[in-house]
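Participant: Mind looking over this structure? Questions follow.
Numbering (my numbering), first residue to last: 62 to 429.
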């Protein structure tokens, strides 16, 4: 169901930024439903998406939680090289960091109706079935197929497939509630699209390389909100010592928890510093673009990025992570230059524009 190129116009019906209201896992367990985890799903019309999931105890879920836990903005953390792991591993949040989730990909495929082979979602979720039979639903019954190209946790081993339909009227600002039930009826989630994000403007970028070396990443903008995720490189240098840590093996440990995967790779006696170095070689953030075109990070896998500006806009502050530039020869390519405020040695992430809608202007420092 997932194609390797091209846009999917059906994705328009779920485009925008969605905040999860609850999750029943297993389906029907309303008493034990998770209503605490902060989950933000940023979806663009072309299919590119970014998902960020931070449990209640995660210090990176808000300004208040990061400040309370003693974290201060550190724009260097955008490099996702684990260099700040040494200072953070001893702050009592290691177990919380292991529970966090984030994933992203190039493709969401949407098909109208229940196109799963089993039909279990409609058969076992009576609420979903009742909503699907309501001819006045804002978002008709549809099946969504998400492909995770990068994942903070070890991969699940297959596509994420959900049968969805709206559970509230569509408001004038685009706000609407959505019910999603897994194709195997193992879970159900309630979502609410945030006001003003349904109509864009939209932008979607895919990471091609970092300093000339291939690396995967995805960057989505919907309205005045953004989400940004960069997957792990092939090798990570420990923040203590010079040993290189192999990262592809995390992707081989399908279905495992991150904490168990790290222990399997590194051994039970490995330091928390080295484990966090490897965990934080993945970057996942989300935030808001204000009227002054300031891209403020409000939620993050790494709490050191809370309060930083993802990219330079009209001015650069001490907490600006990067700036953007474009080559005159290749207008579809954007270079994100990560600012090393200490050493002056910058890292360059090269992004390809997948989608950009009318009304969105990329804040470039210049063209070269």
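For every residue, glycine included, the Cβ atom is placed at its ideal position computed from N, Cα and C.
All figures in this text were calculated on a predicted structure; none of them were measured in a lab.
How would you label residue 363, buried or exposed, when you count the other beta carbons within 10 angstroms and need 16 or more for buried?
Facilitator: buried
Participant: For residue 213, which option in 230, 285, 317 has the closest C-alpha, if you only look at C-alpha atoms?
Facilitator: Distance check between residue 213 and each of 230, 285, 317 places 317 closest, using alpha-carbon atoms only.
Participant: Report back the beta-carbon spacing between residue 186 and residue 88 to the nearest angstrom; my notes put them in contact at under 8 Å.
Facilitator: Sure, about 6 Å apart at Cβ, within 8 Å.
Participant: Helix, strand or coil for residue 340 per DSSP?
Facilitator: For residue 340, the three-state secondary structure derived from DSSP is helix.
Participant: Check whether the region 258–271 and the region 322–331 are in contact - that is, three or more C-beta pairs closer than 8 Å.
Facilitator: no
Participant: Kindly identify the DSSP beta-bridge partner or partners of residue 276.
Facilitator: Looking at the DSSP assignment, residue 276 forms no beta bridge with any residue, so it has no partner.
Participant: If you follow the alpha helix (DSSP H) that residue 147 is in, where does it begin and where does it stop?
Facilitator: 146–149
Participant: Pair every Cβ in the region 124–143 with every Cβ in the region 168–177, then say whether three or more of these pairs are closer than 8 Å.
Facilitator: no
Participant: Going by alpha carbons, who is nearest to residue 106 out of 190, 370, 259, 218?
Facilitator: 259
Participant: Whole angstroms are fine: how far does the CA of residue 138 sit from the CA of residue 148?
Facilitator: 12 Å
Participant: For the beta strand (DSSP E) that residue 389 lies in, which residues bound it at each end?
Facilitator: Element bounds for residue 389: n/a, residue is neither H nor E.
Participant: DSSP puts residue 164 in a beta bridge; with which residues?
Facilitator: 112, 212
Participant: Using only the alpha-carbon positions, how far apart do residue 101 and residue 181 sit?
Facilitator: The straight-line gap from Cα to Cα measures roughly 26 Å.
Participant: Can you grab the Cα-Cα spacing for the pair residue 431 / residue 227, in whole Å?
Facilitator: Beyond the ends of the chain as shown, which are 62 and 429, falls residue 431; an answer cannot be given.
Participant: Looking only at DSSP bridge pairs, what is residue 203 linked to?
Facilitator: Per DSSP, the beta bridge partners of residue 203 are 173, 225.
Participant: Under a three-way DSSP split, which group does residue 421 fall into?
Facilitator: coil
Participant: Can you check which of these residues, 425, 415, 161, is closest to residue 280 by C-alpha distance?
Facilitator: 415
Participant: Taking all protein chains shown into account, do 16 or more other C-beta atoms lie within 10 angstroms of the C-beta of residue 315, making it buried, or fewer, making it exposed?
Facilitator: exposed
Participant: Let me know if residue 117 comes out buried or exposed under the rule of 16 or more other beta-carbons within 10 Å of its beta-carbon.
Facilitator: exposed
Participant: Assuming residue 237 contacts residue 288 under a Cβ cut-off of 8 Å, what Cβ separation, rounded to an integer in Å, is found between them?
Facilitator: Incorrect: roughly 19 Å between the Cβ atoms, too far for contact.
Participant: Using the C-alpha atoms, what's the distance from residue 256 back to residue 144?
Facilitator: 37 Å
Participant: Using 8 Å as the threshold, is the C-beta distance between residue 262 and residue 276 below it?
Facilitator: no
Participant: Under the DSSP definition of a beta bridge, which residues are partnered with residue 348?
Facilitator: 287, 358
Participant: With DSSP as the reference, please indicate the residues paired to residue 98 in a beta bridge.
Facilitator: BP columns for residue 98 are empty, so no partner.
Participant: Name the one or two DSSP bridge partners that residue 239 has.
Facilitator: Paired residue(s): 227, 252.
Participant: Should residue 303 be labelled buried (16 or more other beta-carbon atoms within 10 Å of its own) or exposed?
Facilitator: With a pLDDT of 47 at residue 303, under the threshold of 50, the modelled position of this residue cannot be trusted; read the value that follows with caution. By the neighbour-count rule (16 or more Cβ atoms within 10 Å), residue 303 is not buried but exposed.
Participant: Taking the C-alpha atoms as reference points, what is the distance between residue 210 and residue 353?
Facilitator: Each residue's Cα considered, the two are about 33 Å apart.
Participant: Taking DSSP as the reference, what is the three-state secondary structure of residue 180?
Facilitator: coil
Participant: Have a look at residue 244 and residue 94 and give me their C-alpha separation to the nearest angstrom.
Facilitator: If I take the Cα positions, the gap works out to 19 Å.
Participant: Under a Cβ-count criterion, where at least 16 other Cβ atoms within 10 Å of its own Cβ denotes burial, should residue 84 be classed as buried or exposed?
Facilitator: Classified as buried, residue 84 has 16 or more neighbouring CB atoms from the shown chains inside 10 Å of its CB.
Participant: Quick one: measure Cβ to Cβ for residue 97 and residue 248, integer angstroms, because I've assumed they're closer than 8 Å.
Facilitator: Beta-carbon to beta-carbon, residue 97 and residue 248 are separated by about 16 Å, too far to satisfy the 8 Å threshold.
Participant: Tell me, which residues are paired with residue 413 by DSSP?
Facilitator: 267, 394
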